[in-house]
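Asker: Can you keep this structure in mind? I'll have questions shortly.
Protein chains: 2
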Amino acid sequence: MANYSAALDGVFTALADPTRRDVVRRLGRGPRSVGDLAREFPMTLPSFMKHVRTLESCGMIRTVKSGRVRTCELRRERLAVLDDWLGEQRRIWEERTDRLEQHVTDPKEPS
Amino acid sequence: MANYSAALDGVFTALADPTRRDVVRRLGRGPRSVGDLAREFPMTLPSFMKHVRTLESCGMIRTVKSGRVRTCELRRERLAVLDDWLGEQRRIWEERTDRLEQHVTDPKEPS
DNA sequence: GCAATACTTAGCCTCATGGCAAACTATTCG
DNA sequence: CGAATAGTTTGCCATGAGGCTAAGTATTGC
């Protein structure tokens, strides 16, 4: 469970941008080519490609070039890092809640 | 379920920084003062305060100043926006999976 | 082969982010 | 009151993110 920090940095940063979240959402319905996706966003292709590269380098998507077309596919399993982080948070909260309840149950606990 | 985009921007951006994730983790164990927290990070107080403000303005924490001490408290419920987003993603994926399975079940489906 | 298509690369610009030091304000302790 | 404590404000800086245009490369259709 060591240090997922770099992975978390990448995934959270990638998803912090609405364009990239939108790409993830669209790719959820199935693979698409870069150009095909890009047409749906109000920016130039080079700009859009940066988002694709960002998503790829944090592992959220996989891309393959075949001929002159680059196809993007979502890597759903990558969101596990978010689940893990959320899970860890909740574990910490529950520990705390347990401690608090213990104080209530056993009021002669030293302050 | 309209447009959580601004909230998502804020929360994802806040959590994209390791210092801020760390603050969230520490606050999971209970409220702390700014100075108390700051001592555990290798940066100056003003720099640290920026992180606190970022977390506060996206709603991840609440802070109250009493006397000369500002106390920070986690707002656990704020992570619901992440749960919602993850949930929406999964819903989309499942819809897709259903469609794919339908093609397998009913192979005379037109291409 | 030539033109159109689908990216890629290069270079540039602007703004936001994260960090700093110095100086200031407001509380609290002795 | 005066000093120490706990933040806060200000101003500065370097870097990186996200966007653009222009020009280049590699495929594919006619």
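Chains as they are written, first to last, in my numbering: chain E, 280 to 390; chain D, 280 to 390.
Even for Gly, the Cβ is constructed at its ideal location relative to N, Cα and C.
According to DSSP, simplified to helix, strand and coil, what is D/E352?
Answerer: Within the second sequence, numbered from 1, the residue matching residue 352 of chain D stands at position 73. D/E352 falls in the strand class under three-state DSSP.
Asker: With 16 other CB atoms within 10 Å as the buried threshold, where does D/L306 fall?
Answerer: One-based indexing of the second sequence puts residue 306 of chain D at position 27. Buried.
Asker: List the endpoints of the continuous beta strand (DSSP E) containing D/T342.
Answerer: Locating residue 342 of chain D in the second sequence gives position 63, counting from the first residue. Looking at the DSSP string, the run of the beta strand (DSSP E) that includes D/T342 is I340 to S345.
Asker: Ordered along the chain, which non-local residues of its own chain (more than five positions away) have a Cβ less than 7 angstroms from that of D/F320?
Answerer: On the second sequence, residue 320 of chain D is found 41 positions in, with the first residue counted as 1. Result list for D/F320: T298 and F327, in chain order.
Asker: Determine whether the beta carbon atoms of E/A295 and D/D288 lie at a separation below 8 angstroms.
Answerer: Mapped onto the first sequence, residue 295 of chain E falls at position 16. Mapped onto the second sequence, residue 288 of chain D falls at position 9. The answer is yes: Cβ separation under 8 angstroms.
Asker: Is there a C-beta anywhere in chain D that falls below 8 angstroms from the one on E/A295?
Answerer: As a position in the first sequence, residue 295 of chain E is number 16, starting the count at 1. True, the Cβ-Cβ gap to chain D drops below 8 angstroms.
Asker: Please look up how many angstroms separate the CB atoms of D/V313 and D/C337, rounded, as I've assumed it's under 8 angstroms.
Answerer: Indexing the second sequence from 1 puts residue 313 of chain D at position 34. Indexing the second sequence from 1 puts residue 337 of chain D at position 58. About 17 angstroms separates the two Cβ atoms, so there is no contact after all.
Asker: Compare the Cα-Cα distances from E/V290 to each of D/L361, D/H330, D/I371 and D/T342 and report the closest residue.
Answerer: As a working mapping, residue 290 of chain E is identified with position 11 in the first sequence. Of the listed residues, the one whose Cα sits closest to E/V290 is D/L361.
Asker: Less than 8 angstroms between the CB atoms is what I'm expecting for E/V303 and E/L353, so what's the real figure, rounded?
Answerer: Residue 303 of chain E sits at position 24 when you count from the first residue of the first sequence. Residue 353 of chain E sits at position 74 when you count from the first residue of the first sequence. Rounded, the Cβ-Cβ distance is 6 angstroms, consistent with contact.
Asker: Could you name the residues of chain D that E/V303 contacts, counting a contact when the two beta carbons are closer than 9 angstroms?
Answerer: What you label residue 303 of chain E is simply residue 24 of the first sequence in a count that begins at 1. Within 9 angstroms Cβ-Cβ: Q368.
Asker: Would you mind telling me which residues of chain E sit closer than 7 angstroms to D/S284, beta carbon to beta carbon, in chain order?
Answerer: Sequence index remark: in the second sequence, residue 284 of chain D carries index 5 (1-based). Correct list: P297.
Asker: DSSP state of D/R308, grouped into three classes?
Answerer: Counting from one through the second sequence, the residue named residue 308 of chain D turns up at place 29. Looking at D/R308 - three-state DSSP - the assignment turns out to be coil, as it is neither helix nor strand.
Asker: List the endpoints of the continuous alpha helix (DSSP H) containing E/T323.
Answerer: What you label residue 323 of chain E is simply residue 44 of the first sequence in a count that begins at 1. From DSSP, E/T323 is part of no alpha helix (DSSP H); its letter is neither H nor E.
Asker: On the criterion of 16 or more Cβ atoms from any shown chain inside 10 Å, does E/V343 qualify as buried, or is it exposed?
Answerer: For the purposes of this step, residue 343 of chain E is taken as the residue at position 64 of the first sequence. E/V343 should be labelled exposed.
Asker: With 16 other CB atoms within 10 Å as the buried threshold, where does D/A281 fall?
Answerer: Taking the second sequence and counting its residues from 1, the one referred to as residue 281 of chain D is at position 2. Low confidence applies to D/A281: its pLDDT is 41, below 50, so where it sits in the model is not reliable, and the reading given next is rough at best. With fewer than 16 other beta carbons inside 10 angstroms of its own, D/A281 counts as exposed.
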